[in-house]
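Beneath this line is the structure, given in structure tokens, with notes to follow.
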Amino acid sequence: MSVRITKPKTHRGKRMLAKREPKIVELAKQALMLRGSTASVTSLQFVKDLYSIKRMQSTYFGQKHPYNPFEDVKPIEELTQKYDHSLFAFCSDNKKRPNNVILGRMFDHQLLDMIEFGVEQFKSLTAIRNAKVMDGNKPCLIFSGDVWHQNEEYSKCKSLLIDFFRGEVVEQVRLAGFEHALSFTAVDGKIFLRSYKILMTKSGTKTPHIELEEIGPSADLVIRRTKLASADLFKRACRTPSAAKPKKVKNMSKDVFGSKLGRIHMPRQDYRKLQVKRGRALRTEKSPKKASKLSKK
Amino acid sequence: MAASIVQNVLSKAAEDEAEKLKSIQVDKVVELEYDVGNLLAYDINDIDVNQFRADKEAYLANLSRDNVQLLINQIFQLPTIKVDNEVVIKLPSATTRLPRAKPAPKEKALSKWEKYAKEKGITQRKKSKATWDEELQKWVPRFGFKKALAEKEKNWVVEVPGNAKDDVDPIALRKTKKQESVAKNELQRLRNISARMQKSKTKAKISLEPTERPTAEQLNRSVFIAHTATASVGKFQPNLKEQKPVLKSGQKRHFDPLVGDIKRETSKSLDILNKLSSKKPKLDIDKAVNRELNTPGSLDYKGKGMEKKSKTQLKKDLGKRKHKGTKDKKMSGKKGDRSAGRSTVKKGGKRTGNKN
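As given, the protein sequences belong to chains E and L, one line each in that order. So for the first sequence, the numbering used here puts the first residue at 104; every next one is plus one. So for the second sequence, the numbering used here puts the first residue at -11; every next one is plus one.
Structure representation (structure tokens):
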């Protein structure tokens, strides 16, 4: 644990350091979208579309980064440390791995896991011409197919995708605020990513009838290489501090009328020695005359 | 006739209404798994691959619509509240366990002042930004350049007593005093930081290597070792003048009573037998590896005979083994080596009369 020795010189600097310190309940994970030096049009557009979806919680670096994450993650780790991000997306392309996109996440600015996807049949946001969804909207995530829990790789991939796309952790959502849906279907050895706008219509009940309109991006992803965290590192990363866990409220119940009830547990009392007479201090004064009389005494 | 027309019209109206209000029901073989806190739904149902391959986009669109409908059904069953004239759903906490971005914050050690304040029950009180200064008749801020200017205004003159020395500059003295107090504050801050770092470090063994300024712990340890480094292990060793009687430190060995809980004794013996007869490996490799990763060096063998050898010593030992027919003195097993009760173990001793 490195302790900062030099004090920050400005209030702004102090606030920034406080923001980067580890917290009990963390803020939304920020994603770093990187352009590789060999990125193809498809893979680059995919990363740009990811940036459009996650605009509120990501930064896009459009310069060509000559990195090879599966060989050396260090430059990406350094970038994530510098900009305090914990997710990254990196696009590249070569003969062996065409239209390549790597999604990864960090723990303590060290690589936790990363998965390489091949992007096929890509339809960009710009290719599908219709009204899109507002920025920063929390999407509904749908995972279909039983591979997601059967296969170890797929289950880690699912965790990564949830982390990437879930957006901010919120407690309240407007009834009309469910606008975006992302569906990941695992069939035929591929993951079909589809993105929809949710249209709600009357259904006669409180719950609306749903219609979906595809807005894009849409891609068929193929898992290529993976670099997954060891079981104990993953366990360590998932550890939540006890302060973050919800506290159990004991000895509280509500009756039919909604009033709070609790139980008091009394020790055994000796009924022969109960205090029955009220002491002078607890006696209610009926008239001011009496009070003055008592005070005189 | 009229009745039938009316009936037709009504039934048609009902049909139209029913069409408008579409169903929210979706039939699935297996229920979906929901994590409403994350707006997540997981559909475990099998996907009909043939149907899928027939028309991919349509199949995916239908599947997504059904699943989103089910998720929305779940969401809309949650309690609603009104916030700022907006109807809002309160989401439960997320159930999928996702890794954190940074490790959980460790509890900060209290600084010297914080400890004292806690003891005495001193709490911080919110101070106002400016105070009313009677002399200057204006509101002076508590800190900053405006405060410095106000101070200058007030203390533009320094009274010097008659017996003061000539070469003492009272204004320069004021400046140096301020510098000293700043330096003192900085020193205390650094001391707090070092104290915090010392605490966070794992308690290493107190080294007895010669240092210029030995710490109190090191001195205590040296005294203890010197005291007990006698033939009687310090029992008949007189203490130094101001030395406190040395108490045994370290873990106390705990022995079960000879006669007592029979059940405990039987369970213990059975445990031993089970461990002996079980097919589980005695060494839990995962545990050992994890321990080594988290606290490197904690599993190093610290017993006798495996001390750190110097390079030259290692070379010598290796050189020894190269020769044929040399037997290590420890392993010679001659009767002469064994004396009653004690084992003579010599490290790297001279070879006597061994053939090459």
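Every residue gets a Cβ at the ideal spot worked out from N, C-alpha and C, and that includes glycine.
Inset, instruction - Might you give, ordered along the chain, the residues of its own chain that have their beta carbon closer than 8 Å to the beta carbon of L296 (chain E), omitting 5 neighbours on each side? - result: L285, S286, F287, P320, S321, A322, D323, L324
Inset, instruction - Return the residue from the list L:T111, L:E139, L:K103, L:K106 that minimises the CA-CA distance to T119 (chain L). - result: L:E139
Legend entry - Reduced DSSP category for L175 (chain L) - H, G, I as helix; E, B as strand; rest coil: helix
Legend entry - Neighbour list for V272 (chain E) in chain L, Cβ cutoff strictly below 7 Å: A82
Inset, instruction - Check distances from the C-beta atoms of the segment 271 to 289 of chain L to those of chain E and list, in chain order, the residues that come in under 7 Å. - result: Listed by position, the residues of the segment 271 to 289 of chain L near chain E (Cβ gap below 7 Å) are N278.
Legend entry - Cut-off 8 Å between Cβ atoms - residues of its own chain near L215 (chain E), not counting five sequence neighbours on either side: G207, R208, M209, A332, L336, F337, A340
Inset, instruction - Could you tell me whether any Cβ in chain E is nearer than 8 Å to the Cβ of E349 (chain L)? - result: Coverage of chain L is limited to positions -11 through 344, which leaves residue 349 (chain L) absent and any answer about it impossible.
Inset, instruction - Compare the Cα-Cα distances from E223 (chain E) to each of E:R327, E:G307, E:S189 and report the closest residue. - result: E:R327
Legend entry - Q57 (chain L) beta carbon less than 8 Å from that of Y22 (chain L): no
Inset, instruction - Can you give me the Cβ contacts of E205 (chain L) inside the same chain, cut-off strictly under 6 Å, excluding the 5 residues immediately before and after it? - result: I194
Inset, instruction - Compile a chain-ordered list of the residues in the segment 178 to 195 of chain E whose CB is closer than 7 Å to at least one CB of chain L. - result: S189
Legend entry - Residues near Y163 (chain E) by beta carbon distance below 6 Å, same chain, minus five either side: So the qualifying residues of the chain are M136, Y154.
Legend entry - Against chain E: residues of the segment 86 to 107 of chain L by CB proximity under 8 Å: L86, P87, R88, A89, K90, P91, A92, P93, K94
Inset, instruction - Could you pull the start and end residues of the alpha helix (DSSP H) that G116 (chain E) belongs to? - result: 114 to 123
Legend entry - Residues sharing a beta bridge with Y299 (chain E), DSSP: According to DSSP, residue pairing for Y299 (chain E) in a beta bridge involves E:A284, E:E317.
Inset, instruction - Measure the alpha-carbon distance for K353 (chain E) versus K363 (chain E) and round it to whole angstroms. - result: 12 Å
Inset, instruction - With a cut-off of 8 Å on the beta carbons, I'd call Q275 (chain E) and V75 (chain L) a contact; round off their distance for me. - result: About 10 Å; that fails the 8 Å criterion.
Inset, instruction - Please look up how many angstroms separate the CB atoms of R375 (chain E) and A92 (chain L), rounded, as I've assumed it's under 8 Å. - result: With 8 Å as the limit, R375 (chain E) and A92 (chain L) do not qualify as a contact, their Cβ atoms being about 55 Å apart.
Inset, instruction - Indicate whether at least one CB of chain L lies closer than 8 Å to the CB of D291 (chain E). - result: yes
Legend entry - Span of the alpha helix (DSSP H) around S255 (chain L): Annotation: the continuous alpha helix (DSSP H) that includes S255 (chain L) extends over 250 to 265.
Inset, instruction - Take V71 (chain L) and list the residues in its own chain whose beta-carbon comes closer than 7 Å to its own, dropping the five residues that flank it on each side. - result: none
Inset, instruction - Give the DSSP-derived three-state secondary structure of Q213 (chain E) in the structure shown. - result: strand
Inset, instruction - Would you list the residues sitting across from C194 (chain E) in a DSSP beta bridge? - result: E:R138, E:V204
Legend entry - Between the CA atoms of L161 (chain L) and K153 (chain L) - distance to the nearest angstrom: 13 Å
Legend entry - Proximal residues, the segment 303 to 320 of chain E versus chain L, C-beta separation under 9 Å: M303, T304, K305, S306, G307, T308, K309, T310, P311, H312, I313, E314, L315, E317
Legend entry - Interface flag, L264 (chain E) vs chain L, CB-CB below 8 Å: no
Legend entry - 8 Å Cβ cutoff, P242 (chain E) in contact with chain L: yes
Inset, instruction - Spatial neighbours of V250 (chain E) within its chain, please: CB distance less than 7 Å, with the 5 preceding and 5 following residues excluded, ordered by chain position. - result: Y257, A289
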